[in-house]
Structures are given as C-alpha cells and as structure tokens.
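Student:
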Amino acid sequence: MSPQLFLSIIEVGCFFSLLALSFLLVLDGAAVFNFAIGPYAMAAGLATSWLVTRLGYPVLAAALAGLAIAVVLAAVTDVAVIRPIEARLGGAELPALVAVAATLFLIEQAAGTIFGRGDFPGQPLLGFEPIALGSAAMSAPQVTLLVATVAVFALVAWWLRASRTGRMLRAVGDNKHAAQLLGLPVSRIRGIAFILSGLIAGLAGLLFAHKSGVSFTSGLQWTLWGFLALVIGGTGSVWAPLIGGMLLAAVQILSPYYFGSAAADYAILLVALLFFALRPSGLITRKVRT
Amino acid sequence: MKRKLGLKVGAAAAGCTLALAGCGGGGGGDDTIVIGLVEDTSGPGAAYSQITSAAVRAAVDKVNEEGGVLGRQLEVVSDDDSSDPSRSPTVTRRIIGEGASVVMFTTGSGAVIANKSVMQEAEVPGLPVTSAATQVIEDPDADYMYLQAVTTAKQGEAFVGAFEAIDAEKIAILSDDTPTMAAYNEVLKDAIDEAGIEIVAEEEAATDAADVTAQLSRVEQAEPDAVLVSTVGGQIEVLYQNTANKVLPEDVQMFSLSSIGNQPQLWGQADSGALDGLVYVGAITDENPRTKEAREVMEAANDDDYVMTDYDAQAYSAVKMVANAIEETGSAEPADVHKALNSTSGFEAYYGLPDFTVSYTEDDHDGADGACGVVFTVFDGSEPSGAWDEYQPSC
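Written out as structure tokens, the structure is:
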C-alpha cells in the first residue's frame, strides 16, 4: 500500500476531526446538533480566499477575517435562530433542528451571492518545501493542518479540564438542569460553546480548502462528514471526535482502494448504519456519576 | 354580484394574458429583436453558465454597436433555471412568451434536453451554446434544437487520434459520479474500444470527494500510458490533478476535458506543477483569425483580469450565427429564423481550428463540420500555453 494513502488518511482525518469537535462543543454546551457547522467552515475558507484573490488582502489578515466571520455566524445562529425558537417552544428539539438546517442553506446561498458561485482556491497560511517521508511527501498545507489539529485538540482538552469555564461546560454537558439548579451561568457557557465551535469550524475550513478549493456549496458535505465522525467517535471525551474523524477517513480512503471506486459510499453507509443501530453513542461514551 | 364582477375581471385578465402570450412569437417590438437566454445563476452549473451568459451579452452589445440586425437592436431576455430539468421548461416558456426569436441555453445539458418538447411545441429554434450532448438533437422533439459544439462522439474520435499520436496503448479514465459524465464516458469508451486501445483502469469519485489517493493508487498499479480525467470540472478536477501529480510517474501523459480550460479559477487551486504538460480539449486558438476578433471584443467588455475561455468564443459565435441567419432571411419571426438556420452552410465559426465551420440541414442539426472544432491545448506551468504540438484533429 502506498504511504501516500496513510498521509491522505491523516490529512482528511484531521479535517473530519476538527468538524466533529466543533459539533461536540455545541452539543455539550447547548444540547443541539448544529448542522450549520459545515457552512461556518465554508464561509471562513471562502471569505479568506475571496479577500486574498479579489481584494488583494495579505493571507494572514484575510484568514483572521475569515475566522471572525465563522465566529459571528456561530454566535448569530445561537442568539438569533436557536434561542428564540427554544424560548418560544419550551426547549423542543425538533424545531431548533429544522431551523439549524434552514440556516445551513441560508448561509450557503448568502455566501454564493456575496462571494460568487465559482470555486475558490484555498490559501496556504505557511509556505515551505514538502517534507519527504519515504516515497511520499507532506506538503506545507498538510503539515499546517496536522499541527493545527493536534494543537486545537490539546488546547480544548486542557481548557475543559483546567479552566473554570471549561469545567462548567462539562457540567452543563453532563446535566443541564442540574447545572442550572447549581446556579451555573448556562446561557453564557452556551454562548462560549458556540463561539469556540465557530472558531474551530472556521479553522478547519480555512486549512482544508487548500486540498481542492472551496465553493458556496461545500458546507453541506462538510456538515455530513463532521456529523458522521462524531457518530463514530462518540461524545464521551474530547478525543472522541479525533478517533471518529480518523476512522471515517480510513474507511473513505481505504475502501475504494481495496474494493473499487463505488465502495466508498457503500462502506460509509454501512459504517453509519452499524453505529446508528448497534452503538448509537459512538465508540467513546461518557460515564456520568449518579 | 361581487362574485360575478370578480369572475369577469378574472376572465378579462386571463384573456389579456393569453392574447399577449399569443403575440409572443413575433420577434419582439418594432425596434428590438428578442434573444432568449436560459441560464443558471444559482444552481450547480452557475460557474460556467455565468461565464457563457456574460459572453452572450457582450456579443449582443457588439452586434448592437454595429447597428443591430435588420436595423433593430437585439435584446436579451433571460431567466435562471438553476440547471433544474423540472424548472427549466417553465422558465423557457416564459421567455418564449416575451417574444423570443430564438432561445439560447447556457444551462446544464439535462435542463436543455428537458426543453426539447417546449421548443418543438412553440416552434421556436433553440441553441445550446456549449452543450456537446447528442441527446439534444436526437428524436423525438428535436426539430428545433441546434448543436454548434463538437459532439461527444466526435470528441471521442479526436481523443483516439491524440492517444495514437503519442503511441498510448493503455489508457486509464478518472471520472466523477454525475450522470452527465456517465453518458459522456460511454460514448468516449466506445470510440476508444473501436480503435483497439485498452482501457486498463476506470476510477470514479463523487464531485465533492475529500480525497482520491485510493483511485490514483489503483490507476498507478495498472501502469497506463496516458490518463484521461473526465469530469464536470470544479473541485474534483483539481483533486484528481493534484493527486495525480503526487502519485503517478512523470512520464504518464495527462489529458482532460474542456472544463479545466474553461474554469480559470481552477488553475490557482492546483498545486505548483500539477497542471504542467496537461493536454485538454479546448476550442480556441489564435491561429483562427475569427477567434482573435472574438477575443478583442471580449477583452474590451471585461476588466484587466479577464481570461478568454472556449465558452466566450462559442457564445460569440452563436450570437453571430443567429444574427447572420436573421439578416439573411430578413425576418425575426421564429419560423423564418428556423428556416434560415436549417440552411446555414459553412458558417465560419469563431472557435476551433481555422478550417472549422458549422452547417445545418433540415435532417441534421449536428452543426460541427468535423472534429476540428476541438483544439488540443497544453498547459505550461499553471496556465494553458496554446495548441498542443503533438496532434490536432482535422476536418
């Protein structure tokens, strides 16, 4: 088997993992499956590329603007879409889910209108010669994505364990009602979860766009990948999305290699069905003290 | 009483609407000739449709600047169908209702095919500007549809010529999972099989695939002499080219379809050196003096960053051909334009090699007079550098 396949699994797995982590943070902080995460990633990648290629911005400034857009979109989704619906309907989950799905398409079409409906190239944050690893080579954007993924997971794990806000997020995730009874600032924690989620999704889109570019329609597929990675990995640990993302990437890349092109879709469908049916909580589940 | 009055008003309004619609085929008002344009500004074909539509409008402006046709100005009446075959016929009917003498299509081939019966019923000629799908002109309901691009079957013959020119005996095909490419590849494979060239690998990936290293690794193991990337363009095309650059040996000749040449934004997405040496079926070369004319018009109509594509030249050519037909028949009535197009012979197209012409007869609406509407074009670095030296099809 080609070493390039392993590098591809790592690269794609990093992207899936970041998206899944973004899902996990909102799920913990607000108990919502935020399907607009893919469009946050798309918006960050698209805005960055648009600012660089059309307006001549330096890449770093454009990237910061792209991340800011993703964060704002996440915050607006929480404040202007999900909270009002939950307040009006007493916390019913389905209407919020439908509203988030509508937000996904709204962001996609808005991005198409603002930035254009063509494909945009990803913008590498760092530029250096590919690093040779035997017969394969790792390009600068691949290395950047890998390093960023490791750093993000380590930082989020540390934040959840060591910081007061992080511990409160875990408490809210464990039991929202108990957290409320204990007087924890659930609303503020939830806002932080959305903002952090937007930031991580934005970073993921920004760093993965180099692979084949980004367009206004990328968001939906990216949402599905992140969701599937979370389903596989589970919600029991901050590291679960990383495991889920890597496994999903391995299935997606190795199945067509061994069984032909058509196998990828079937393999992913099979894995998803198996997890939904046999292990709906994913590989890593949380143990809550009662 | 009120109800009766309401019914009368409704009936009157309906009558007026029908009367207006009935007058729709008259070719516009006294001062204008309506050119219908069904485009995709919000769907999957938006990227290329908008390029082509802009070129149609620029060509119409040029014709108007030069005095119009029959002393009347051309007016583009357009609408968006999102390349949606179920929505497109309604859009086309509305445009025909505005008095279109001819309807041009820059939308997806599937949507164009869905409009055949609409054009047949309205007896208005339809001209897909860039579509190469032969189904557009196959019965039933094909009397009013005209193809000007080189059909997929003729492109297949051209590819065989190119493979033979470089002594490629083993070919691999990389494609996406769209129905459009499935239909295209069937025609292409027939031509390759008939020529006795072996297809040693066929791989496919979704248009939004995250990675295609597996597909390219399998292709590498099949040891092809040449690889044809056959996609609708966009991200999957870039992904294939970037990955091929990493996985395949340097001496494997890469080929692609027109998509890579007609979507300049893709060139910047490719890794450094990934497109170098790639040969694709383009349609423009400055060896054709009419293409140079089209280029000058398009450059004047666009900003400094403009890069001419095949779509621009094909759009310019389509507008000029229609203008010629109307001028020759002396009428903008759809029936007369239809007759004039049917007797178009040897129209010197604004794309293709210098000898390339377009002709139609009542029984044959495949306009390309041979495969020399195709110009095999080669990339030097990250941009096309011109016609490929190794082989060009002849007419």
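Which chain is which? The protein sequence lines are S and B, in order. In this text, residue positions in the first sequence follow my numbering: the first is 1, and each later residue adds one. In this text, residue positions in the second sequence follow my numbering: the first is 1, and each later residue adds one. For every residue, glycine included, the Cβ atom is placed at its ideal position computed from N, Cα and C.
Determine, using beta carbons only, whether residue 212 (chain S) comes closer than 8 Å to chain B.
Tutor: As a working mapping, residue 212 (chain S) is identified with position 212 in the first sequence. So, interface residue.
Student: Which residues of chain B have a Cβ atom closer than 8 Å to the Cβ of residue 59 (chain S), listed in chain order?
Tutor: Looking up residue 59 (chain S) in the first sequence gives position 59. Chain B residues near residue 59 (chain S): none, gap ~13 Å exceeds 8 Å.
Student: If we require 4 or more residues per run, which alpha helix (DSSP H) segments fall completely within the segment 293 to 329 of chain B?
Tutor: 310 to 329
Student: So what does DSSP say about residue 36 (chain B), is it helix, strand or coil?
Tutor: For the purposes of this step, residue 36 (chain B) is taken as the residue at position 36 of the second sequence. It is a strand residue.
Student: CA-CA distance, residue 177 (chain S) and residue 31 (chain S)?
Tutor: Against the first sequence, residue 177 (chain S) aligns to sequence position 177. Against the first sequence, residue 31 (chain S) aligns to sequence position 31. C-alpha separation (whole angstroms): 12 Å.
Student: Taking the straight line between their C-alpha atoms, what separation do you get for residue 277 (chain B) and residue 387 (chain B)?
Tutor: Start at 1 with the first residue of the second sequence, and residue 277 (chain B) comes out as number 277. Start at 1 with the first residue of the second sequence, and residue 387 (chain B) comes out as number 387. Going from the Cα of residue 277 (chain B) to the Cα of residue 387 (chain B) covers about 12 Å.
Student: Which chain S residues are close to residue 266 (chain B), counting only those with a beta carbon under 7 Å from its beta carbon?
Tutor: Sequence index remark: in the second sequence, residue 266 (chain B) carries index 266 (1-based). Correct list: 119.
Student: Kindly list, in the order they appear in chain B, the residues whose Cβ is closer than 9 Å to that of residue 254 (chain S).
Tutor: As a working note, residue 254 (chain S) is residue 254 in the first sequence. Within chain B, the residues near residue 254 (chain S) are 214.
Student: Run through the DSSP bridge pairs and tell me what residue 170 (chain B) is partnered with.
Tutor: On the second sequence, residue 170 (chain B) is found 170 positions in, with the first residue counted as 1. BP columns for residue 170 (chain B) point to B:198.
Student: Considering residue 241 (chain S), what are the terminal residues of the beta strand (DSSP E) in which it resides?
Tutor: Numbered from its first residue, the first sequence carries residue 241 (chain S) at position 241. Not the beta strand (DSSP E): residue 241 (chain S) falls in the alpha helix (DSSP H), residues 240 to 259.
Student: Using the C-alpha atoms, what's the distance from residue 372 (chain B) back to residue 355 (chain B)?
Tutor: Within the second sequence, numbered from 1, the residue matching residue 355 (chain B) stands at position 355. Within the second sequence, numbered from 1, the residue matching residue 372 (chain B) stands at position 372. Distance between the alpha carbons of residue 355 (chain B) and residue 372 (chain B) is about 7 Å.
Student: Identify the contact partners of residue 225 (chain S) in chain B, using a Cβ-Cβ distance below 9 Å as the criterion.
Tutor: Counting from one through the first sequence, the residue named residue 225 (chain S) turns up at place 225. Near residue 225 (chain S) (Cβ distances below 9 Å), the residues of chain B are 210.
Student: According to DSSP, is residue 284 (chain S) part of a helix, a strand, or is it coil?
Tutor: In the first sequence, counting from the first residue as 1, residue 284 (chain S) sits at position 284. Coil, per DSSP.
Student: For the segment 37 to 65 of chain S, which residues have a beta carbon sitting closer than 8 Å to at least one beta carbon of chain B?
Tutor: 53
Student: Output, in chain order, the set of chain S residues within a Cβ distance shorter than 9 Å of residue 341 (chain B).
Tutor: Your numbering for residue 341 (chain B) matches position 341 in the second sequence. Per Cβ cutoff of 9 Å: no residues; residue 341 (chain B) is ~32 Å from chain S at best.
Student: How is residue 109 (chain S) classed by DSSP in three states: helix, strand or coil?
Tutor: For the purposes of this step, residue 109 (chain S) is taken as residue 109 along the first sequence, with counting starting at 1. In the structure shown, residue 109 (chain S) sits in a helix (DSSP, three-state: H, G or I).
Student: Contact between the segment 364 to 382 of chain B and the segment 141 to 149 of chain B: three or more CB pairs below 8 Å?
Tutor: The segment 364 to 382 of chain B, when compared against the segment 141 to 149 of chain B, does touch it at the 8 Å Cβ threshold.
Student: Is residue 154 (chain S) close to chain B, meaning its C-beta is less than 8 Å from at least one C-beta of that chain?
Tutor: Numbered from its first residue, the first sequence carries residue 154 (chain S) at position 154. So no, residue 154 (chain S) is outside the interface.
Student: How big is the Cα-Cα spacing for residue 243 (chain S) and residue 236 (chain S)?
Tutor: The residue labelled residue 243 (chain S) in the question sits at position 243 within the first sequence. The residue labelled residue 236 (chain S) in the question sits at position 236 within the first sequence. Straight-line Cα distance between these residues: approximately 11 Å.
Student: Check distances from the C-beta atoms of the segment 179 to 195 of chain B to those of chain S and list, in chain order, the residues that come in under 9 Å.
Tutor: none
Student: Thinking C-alpha only, which one of B:108, B:126, B:87, B:109 is nearest residue 96 (chain B)?
Tutor: Stepping through the second sequence from its first residue, residue 96 (chain B) is reached at position 96. For residue 96 (chain B), the nearest C-alpha among the options comes from B:126.
Student: May I ask you to report which of helix, strand or coil DSSP gives residue 176 (chain B)?
Tutor: Indexing the second sequence from 1 puts residue 176 (chain B) at position 176. Residue state, collapsed to three classes: strand.
Student: Which residues, taken in chain order from the segment 3 to 15 of chain S, show a beta carbon closer than 9 Å to some beta carbon of chain B?
Tutor: 4, 5, 7, 8, 9, 11, 12, 15
Student: Taking Cβ to Cβ, would you say residue 34 (chain B) is nearer than 8 Å to residue 77 (chain B)?
Tutor: Residue numbering aside, residue 34 (chain B) sits at position 34 when the second sequence is read from its first letter. Residue numbering aside, residue 77 (chain B) sits at position 77 when the second sequence is read from its first letter. The answer is yes: Cβ separation under 8 Å.
Student: May I ask you to report which of helix, strand or coil DSSP gives residue 279 (chain S)?
Tutor: Taking the first residue of the first sequence as position 1, residue 279 (chain S) is located at position 279. Three-state DSSP puts residue 279 (chain S) in coil, outside helix and strand.
Student: On the criterion of 16 or more Cβ atoms from any shown chain inside 10 Å, does residue 252 (chain S) qualify as buried, or is it exposed?
Tutor: Translated into positions along the first sequence, residue 252 (chain S) becomes position 252. Buried: at least 16 other Cβ atoms inside 10 Å.
Student: Per DSSP, residue 282 (chain B) is paired with what?
Tutor: Mapped onto the second sequence, residue 282 (chain B) falls at position 282. Answer is B:375.
Student: Under 8 Å, Cβ to Cβ, is there at least one residue of chain B near residue 257 (chain S)?
Tutor: To locate residue 257 (chain S), count along the first sequence from 1; it is residue 257. So yes, residue 257 (chain S) belongs to the interface.
Student: Do you know how far the Cα of residue 198 (chain S) is from the Cα of residue 262 (chain B)?
Tutor: The residue labelled residue 262 (chain B) in the question sits at position 262 within the second sequence. The residue labelled residue 198 (chain S) in the question sits at position 198 within the first sequence. Taking the CA atoms as reference points, residue 262 (chain B) sits about 35 Å from residue 198 (chain S).
Student: Is it buried or exposed, residue 376 (chain B), if we count other Cβ atoms within 10 angstroms and call 16 or more buried?
Tutor: Here the question's residue 376 (chain B) lines up with position 376 in the second sequence. Looking at its Cβ environment, which holds 16 or more other Cβ atoms inside 10 Å, residue 376 (chain B) is buried.
Student: Cβ atoms of residue 268 (chain B) and residue 121 (chain S): under 8 Å apart, would you say?
Tutor: Walking along the first sequence from the start, residue 121 (chain S) turns up at place 121. Walking along the second sequence from the start, residue 268 (chain B) turns up at place 268. For residue 121 (chain S) and residue 268 (chain B), yes; Cβs fall inside 8 Å.
Student: Cα separation between residue 69 (chain S) and residue 158 (chain B)?
Tutor: Position 69 of the first sequence holds residue 69 (chain S). Position 158 of the second sequence holds residue 158 (chain B). Looking at the two C-alpha atoms, the distance is approximately 48 Å.
Student: Strictly under 8 Å for the Cβ-Cβ distance: is residue 238 (chain B) near chain S by that measure?
Tutor: On the second sequence, position 238 is the one that residue 238 (chain B) refers to. Taking CB atoms only, residue 238 (chain B) has a neighbour in chain S less than 8 Å away.
Student: What do you reckon, are the CB atoms on residue 351 (chain B) and residue 394 (chain B) nearer than 8 Å?
Tutor: Translated into the one-based positions of the second sequence, residue 351 (chain B) becomes position 351. Translated into the one-based positions of the second sequence, residue 394 (chain B) becomes position 394. With a cutoff of 8 Å on beta-carbon distance, residue 351 (chain B) and residue 394 (chain B) are scored as not near each other.
Student: Starting from residue 3 (chain S) and walking both ways along the beta strand (DSSP E), at which residues does that stretch end?
Tutor: Locating residue 3 (chain S) in the first sequence gives position 3, where the first residue counts as 1. No beta strand (DSSP E) contains residue 3 (chain S), which is instead part of the alpha helix (DSSP H) from 3 to 30.
Student: Count the C-beta pairs between the segment 160 to 175 of chain B and the segment 200 to 217 of chain B that are closer than 8 Å, then say yes if the count reaches three, no if not.
Tutor: Taking 8 Å as the limit for Cβ pairs, the verdict is that the segment 200 to 217 of chain B does touch the segment 160 to 175 of chain B.
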